[in-house]
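Contents: one structure, followed by commentary.
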Amino acid sequence: MRETVLEVKGLRTYFYIREGVLRAVDGLSYSVNKGEFVALVGESACGKSVSALSIMRLIPYPPGIIVGGEIIFEGRDLLKLSEEEMRSIRGNRIAMVFQEPMTSLNPVLTIGRQIAESLELHRGLEKNDALVEAANLLKLVGIPDAERRLNDYPYQFSGGMQQRIMIAMALSCNPVLLIADEPTTSVDVTVQAQLMELMNNLRSQFGMSVILITHNLGLVARYADRVNVMYAGRLVESGLTDTIYSQPHHPYTVGLIASVPRLDLPRQRPLYVIPGLPPNLVRLSPNVCAFAPRCRFAISKCTEQRPELEQVGDEHWVACFRHQEIPELTAMECER
Amino acid sequence: MTGNGYLVEVNNLVKYFPVLAGVMRRKVADIKAVDGVSFGVKQGEVVGLVGESGCGKTTVGRCILRLYDVTSGNIYFQGKDITTIEGEELRRLRRDMQLIFQDPYASLNPRMTIGDIIGEPLLVHGLSQGKEYRQKVAELLEIVELEPRMADRYPHEFSGGQRQRIGIARALATRPKFIVCDEPVSALDVSIQAQVIKLLKQLKEELGLTYLFIAHDLSVVRYISDRVVVMYLGKIVETADSEELYTTPLHPYTQALLSAVPIPCPEVDRSRKRILLTGDVPSPLFPPSGCRFHTRCRLAKDECKKKEPELREVGTEHWVACHLV
Ligand SMILES: Nc1ncnc2c1ncn2[C@@H]1O[C@H](COP(=O)(O)OP(=O)(O)OP(=O)(O)O)[C@@H](O)[C@H]1O
Ligand SMILES: Nc1ncnc2c1ncn2[C@@H]1O[C@H](COP(=O)(O)OP(=O)(O)OP(=O)(O)O)[C@@H](O)[C@H]1O
Ligand code: SF4
Ligand SMILES: [Mg+2]
Ligand SMILES: [Mg+2]
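Going line by line, the protein sequences match chains V and L.
Quick note, the first sequence lines up with residues 1 to 336 if you use the numbering used here.
Quick note, the second sequence lines up with residues 1001 to 1325 if you use the numbering used here.
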C-alpha cells in the first residue's frame, strides 16, 4: 500500500453572490499518495483553483465558504484546524505556486529578502544562513548569477524567472505537498520544459507529492501519474495517466483529448469541437449530469439524476450513466 | 514585384525601438526587435510565425499592417510597395488588412455594444449606413456563429470564446484580403480554442482570406498553417512547408523548440527525443555576436560566435540560417 498524503472527501465550496449560490466545488473527492504527481484538468471556471485554495484554506470570505467535506492531510482534517494551526501548515508542509506570479511576489521587497524571510519563518534559520540558503534555492531553480540577483526586485526578472522564483519560494520549506496552479502558462515552451523538469526532479529527490493544475494536456501526459478530470465542480473521471489517454470513459474526457491539435498526427486530422458552453454554476441543478446539455450520448436518465463516480477498472473511476458504451461509441475520436 | 504570387512580401525588414534616457530623453541604445527579415505570404495561404516571447513576432505583424513605421526595408502588398504610403492611400489599405488580437478581454471597448464594436469599421470607412448597416452587422454576427439579436449586448456578457468571435467579426467587417492573427487563441481554454481555430480555418476557405498566424503554441500553428517561419531574436532562423518543418526541422533552435512541446499522448511522448534548452533568451539590446543563437546552442562551434549565418535555401522552399546545415 502506498502512503496517502492527502485525502479530499466530499469537498463543497460555495460563493454567495448577487445572482445566488455559486457552487464552485460541489462534492469533490480524491487522494494523493506520497511522491505522486497528480494532474487536475478541466475547462476554465470548473473549480480547479477554488479546490486548491480550499485545501490551503485561502477561500476569501465573504463571498466564499467551505460548506462541507473533509480534507485529511497527514492524518488531520485541515477544515477543523484553527487559523493559527493552519498557518504552520501553509507554506510549510503544503506549498502553493499561484496562477499569477506577479500578484504573489511582494513588489517592494528584494527577492533575497522574500525567500530569506520564508526560510526564517518556516525553517527557523538565522538571517545570514537564510540568505545563503536563498541563493542556493535560486541556483536550484536555474537563476544564473544567484548571489547578485538576491538584491533585485521582482520587476527586474522576466515572467519565466518570476515563476521559477515562485517555485523557489514554495520549495524554501521542503513541502510534503506542492500545489502548482498553472505554473507555466505565461512562459515559453522552452522555459516551461525547464520548470517542469525541475519540479519533477524535486519530486523524485525529496518524495514530494505534486498536484498540477493545467490546461496543457501535453504536460499532463508527460509528467502526471494520475489524472483527475473536473467538470462543473466535480470529478467526472479519474485514473492513471496511460488509462485516461488510451481509454477515456467519460464523454467530456474524450472530447477534451480529441480537441487539442497534435504535433505527431497528420495535419489533416480534424479537431473535435465540444459543442456549447460551460454550465452556469449558479443555475445548474444538482440532480442532473452537468455535462448532459453538451453530451452527444445523453439519455433521459442524464437529466433526471446525477451520475456518481463508479469504479470501472484498476484505479479508474467514471461518473457517467453510459460509461460502459462510451469507449466503443467514441472509438472514432480516440483513433490515432 | 508583381506576378510572383505573393499577396504580402517583406523585404529585409528592420525595426528598432529607441531606448531613451536622462532628462533630455536622448537615445542611448536600440532594441533590435526585428533585424533583417524577409518572407512572403501567397494569396490564400496561411503562414505561421513562431518563436519565443520577445523575438519580434508582433512587431513584424504590426509593421506589415503599417501600425509601426519601419526602420528600414520594404513591405509589398499585391505587388505594390506600401512601406511609406500615406493619406487616402493608407486609409484604403487599412480596409484590406486587418488584425485579430490575442486578448479578447482587453481588445473590446466595454462601453460599446457588440453591434457598434463590429460595425465601427463600416462607419469609419463609410462602407454602409442605416438599415443596410444593421443588416451587415447581423450578417457578420452570423458569419462567426453568433446570434444577430446579441448585437445590443455588451462585451462583459460574453465568454472568452464568444468575445474572440466578436473580435473576428469586427476584423471581417471591411471584407479584408489579409489578416494578421496575433495569438488569437492563446488566452482561450482548450475546448473553446478548438472552436475558434475551426472557425478561422473555415472563414479562410469561404472568404478566400490570407493569414499571418502568430502563436507560441506550435501544435496550433502547425494545424492551421501551410508554411511556418521560425524567428529567434529578431531574425528568421528557418522557414519551410508546415509538414516538412515538423518532420525534418534542420535548425538546432527549431529542433529544441519542437522537442520541448509535450505530446498529449503518454506513449508517443515517452518515445520522443528531448533537447532541453538552457538559459534565457538574450536581450535584444545586445544580441550575441555571430549566430544569435550560439549562446544556447548545443552544437555551437567557434565559427558560430564570429560569423553570422545567412538564410540559405537547402530544399524546396526550405530555408535555414545555420553554419552546420
Ligand atoms: N472570489 C470569488 N468570488 C466569486 N466567485 C468566484 C470567486 N473565485 C472563484 N469564483 C467562481 O468559482 C468558479 C470556479 O473558479 P476557479 O477559479 O476555481 O476556476 P478554474 O477551474 O481555476 O478556472 P481557470 O482554468 O480559468 O483558472 C468560477 O465560476 C468562478 O467565477
Ligand atoms: N512599442 C515598443 N517600444 C519599445 N520596445 C518594444 C515595443 N514593442 C516591442 N518592443 C520590444 O521589441 C522586442 C520584440 O517584441 P514583440 O512584441 O514583437 O515580441 P513577440 O515575439 O511578439 O513576443 P510575445 O510572444 O511575448 O508576444 C521585445 O524586446 C520588446 O520588448
Ligand atoms: S451521464 Fe449522460 S449526459 Fe452525462 S456524460 Fe454520461 S451520457 Fe453524457
Ligand atoms: Mg484557475
Ligand atoms: Mg507578441
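For glycine and all other residues, C-beta sits at the position ideal for the given N, C-alpha and C.
All of these numbers come straight from a predicted model, not from anything done at the bench.
Original post:
Would Pro1176(L) be called buried (16 or more neighbouring beta carbons within 10 Å of its own) or exposed?
Top reply: Classification for Pro1176(L): buried.
Subject >> Supposed contact pair Leu1250(L) and Val1320(L) - C-beta distance, whole angstroms, cut 8 Å >> reply: Confirmed, Cβ separation roughly 5 Å.
Original post:
Taking the alpha-carbon positions, what's the Arg87(V) to Lys1015(L) distance?
Top reply: So the two alpha carbons sit approximately 51 Å from each other.
Subject >> Residues of its chain near Thr243(V), where Cβ-Cβ distance is below 6 Å and the 5 sequence neighbours each way are ignored >> reply: Counting only Cβ-Cβ distances below 6 Å, and skipping sequence neighbours, we find His316.
**OP:** Answer with buried or exposed for Thr1278(L), where buried requires no fewer than 16 other C-beta atoms within 10 angstroms of its C-beta.
**Re:** Thr1278(L) counts as exposed, since fewer than 16 other C-beta atoms from the protein chains shown sit within 10 angstroms of its C-beta.
Subject >> Alpha carbon of Asp1096(L) to alpha carbon of Pro279(V), nearest angstrom >> reply: Between the C-alpha atoms of Asp1096(L) and Pro279(V) there is a straight-line separation of about 39 Å.
Original post:
With distances taken between CB atoms, is the gap from Gln1043(L) to Thr1210(L) smaller than 8 Å?
Top reply: In this structure, Thr1210(L) lies closer than 8 Å to Gln1043(L) by Cβ.
Subject >> Cα-Cα separation, Ser1128(L) to Ile1179(L) >> reply: Taking the straight line from one Cα to the other gives about 21 Å.
Subject >> Local Cβ density within 10 Å of Thr13(V), reported as buried at 16 or more and exposed below that >> reply: Burial check for Thr13(V): the Cβ neighbour count within 10 Å reaches 16 or more, so the residue is buried.
Original post:
Do Gly1048(L) and ligand 2 come close, with the Cβ less than 7 Å from some heavy atom?
Top reply: No, Cβ of Gly1048(L) sits at least 7 Å from all heavy atoms of ligand 2.
Original post:
What is the DSSP secondary structure of Pro270(V), reduced to helix, strand or coil?
Top reply: Here Pro270(V) sits in coil by DSSP.
Subject >> Beta-carbon proximity of Val1037(L) to Val1060(L), cut-off 8 Å >> reply: Here Val1037(L) is near Val1060(L), since their CB atoms are less than 8 Å apart.
Original post:
With burial defined as no fewer than 16 other Cβ atoms inside 10 Å of the residue's Cβ, what is the status of Thr1248(L): buried or exposed?
Top reply: For Thr1248(L), the number of other beta carbons within 10 angstroms of its own is below 16, and it is reported as exposed.
**OP:** Ignore the nearest five residues each way along the sequence and tell me which others in Val21(V)'s own chain have a CB closer than 7 Å to its CB.
**Re:** Cβ-Cβ distances below 7 Å link Val21(V) to Tyr14, Val282 in the same chain, with the five nearest sequence neighbours on each side left out; the list follows chain order.
Original post:
Going by the C-beta, is Glu182(V) closer than 7 Å to any heavy atom of ligand 5?
Top reply: Because no heavy atom of ligand 5 lies under 7 Å away, the Cβ of Glu182(V) does not count as near it: no.
**OP:** Using three-state DSSP, classify Lys9(V) as helix, strand or coil.
**Re:** Lys9(V): strand per DSSP, three-state reduction.
Original post:
How is Thr330(V) classed by DSSP in three states: helix, strand or coil?
Top reply: Reduced to three states, the DSSP call for Thr330(V) is coil.
Original post:
Which residue comes first and which comes last in the beta strand (DSSP E) that contains Arg222(V)?
Top reply: Not the beta strand (DSSP E): Arg222(V) falls in the alpha helix (DSSP H), residues 217 to 223.
Original post:
Opposite Ser31(V) in the DSSP bridges: which residues?
Top reply: Within the DSSP secondary-structure output, Ser31(V) pairs in a beta bridge with Glu7(V).
Subject >> Straight-line Cα distance separating Leu1245(L) from Leu1328(L) >> reply: No information on residue 1328(L) is available, as it lies outside the stretch 1001 to 1325 that chain L covers here.
Original post:
Can you list the residues of chain V that Thr1157(L) reaches, using a CB-CB cut of under 9 Å?
Top reply: The amino acid occupying residue 1157(L) in the given sequence is Glu; Thr does not appear at that position. Using a Cβ-Cβ cut-off of 9 Å, Glu1157(L) is close to nothing in chain V; its nearest Cβ partner there is about 12 Å away.
Original post:
Is the distance from the Cβ of Ser44(V) to the Cβ of Val25(V) below 8 Å?
Top reply: It is not a contact, given that the beta carbons lie outside the stated cut-off.
Original post:
Using 8 Å as the limit for Cβ to Cβ distance, is Pro279(V) near chain L?
Top reply: With 8 Å as the cut-off, Pro279(V) does not count as an interface residue toward chain L.
Original post:
To the nearest angstrom, how far is it from the Cα of Arg262(V) to the Cα of Pro1264(L)?
Top reply: Distance from the CA of Arg262(V) to the CA of Pro1264(L), rounded to the nearest whole angstrom, comes to 7 Å.
Subject >> Closer than 8 Å to chain L by CB, Arg336(V) >> reply: Here Arg336(V) scores only 45 on pLDDT, less than 50, and its place in the model should not be relied on; the value that follows carries that caveat. The beta carbon of Arg336(V) sits closer than 8 Å to some beta carbon of chain L.
Subject >> Inter-residue Cα distance where the pair is Cys320(V) and Val38(V) >> reply: A straight line joining the alpha-carbon of Cys320(V) with that of Val38(V) spans about 22 Å.
**OP:** Please determine if the stretch 1146 to 1158 of chain L and the stretch 1101 to 1121 of chain L are in contact, where contact requires at least 3 C-beta pairs separated by less than 8 Å.
**Re:** Touching, yes, given that three or more Cβ pairs across the two stretches are closer than 8 Å.
Original post:
Sorted by chain position, which residues of the same chain lie with C-beta nearer than 7 Å to Ala1021(L)'s C-beta, five sequence neighbours on each side aside?
Top reply: Closer than 7 Å at the Cβ level, and outside the excluded window around Ala1021(L), lie Val1028.
Original post:
DSSP on Lys1307(L), reduced to helix/strand/coil?
Top reply: Coil, per DSSP.
**OP:** From the DSSP output, in three-state form, read off Cys320(V) for me.
**Re:** The answer is coil: DSSP assigns Cys320(V) none of H, G, I, E or B.
Subject >> Interface flag, Pro261(V) vs chain L, CB-CB below 8 Å >> reply: It does; some Cβ of chain L falls within 8 Å.
Original post:
Ala292(V): beta carbon under 7 Å from a heavy atom of ligand 3?
Top reply: At least one heavy atom of ligand 3 is nearer than 7 Å to the Cβ of Ala292(V), so yes.
Subject >> Cα-Cα separation, Phe73(V) to Leu240(V) >> reply: It is roughly 22 Å from the alpha-carbon of Phe73(V) to the alpha-carbon of Leu240(V).
Original post:
Looking at Thr1058(L) and ligand 5, is the gap between the Cβ and the nearest heavy atom below 7 Å?
Top reply: Yes, ligand 5 has a heavy atom inside 7 Å of this Cβ.
Subject >> Nearest to Val1047(L) (by Cα), restricted to the options Pro1282(L), Gly1073(L), Val1220(L), Pro1252(L) >> reply: For Val1047(L), the nearest C-alpha among the options comes from Val1220(L).
Original post:
Would the beta-carbon of Leu1218(L) be found less than 7 Å away from any heavy atom of ligand 1?
Top reply: No, ligand 1 has no heavy atom inside 7 Å of this Cβ.
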